[in-house]
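**Student:** Each residue of the sequence shown is one higher than the last, beginning at 1 in UniProt numbering.
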Amino acid sequence: MYEHTNAVSCIQLSKDNKSCVSASADSTCIVWCLETFRRKQIIFSNTLFRCICYHPTECQVIASGTN
Numbered sequence: 001m002y003e004h005t006n007a008v009s010c011i012q013l014s015k016d017n018k019s020c021v022s023a024s025a026d027s028t029c030i031v032w033c034l035e036t037f038r039r040k041q042i043i044f045s046n047t048l049f050r051c052i053c054y055h056p057t058e059c060q061v062i063a064s065g066t067n
């Protein structure tokens, strides 16, 4: 789990504790599998992410940043 290239500002665990999503100042959010410790998905943007959380059904995430 070494893919971020700048500070991680927020981590949110899924309800089943099998995955998490991290937001970073490197302009990425990453969904991680906590069973294999590998990236499942990555989101790129033109912002420094500050906060992230799962939608209640966990099919989506919402993130906020500096832009």
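Idealized CB from N, CA, C, for every residue including glycine.
Whose CA, out of ILE43, LYS15, LEU34, lies closest to the CA of ALA23?
**Tutor:** Sequence index remark: in the sequence shown, residue 23 carries index 23 (1-based). Considering only alpha carbons, the answer is ILE43.
**Student:** How would you call THR5, buried or exposed, if buried means at least 16 neighbouring beta carbons within 10 angstroms?
**Tutor:** Position 5 of the sequence shown holds residue 5. By the neighbour-count rule (16 or more Cβ atoms within 10 Å), THR5 is not buried but exposed.
**Student:** Measuring only the C-alpha atoms, how far is ILE45 from LYS15?
**Tutor:** Sequence index remark: in the sequence shown, residue 45 carries index 45 (1-based). Sequence index remark: in the sequence shown, residue 15 carries index 15 (1-based). Ile is not the amino acid found at residue 45; the sequence shown has Ser there. Looking at the two C-alpha atoms, the distance is approximately 26 Å.
**Student:** Confirm, please, whether the CB-CB distance from VAL31 to LYS18 is below 8 Å.
**Tutor:** Numbered from 1 along the sequence shown, position 18 holds the residue referred to as residue 18. Numbered from 1 along the sequence shown, position 31 holds the residue referred to as residue 31. Cβ distance not < 8 Å, so LYS18 and VAL31 don't count as in contact.
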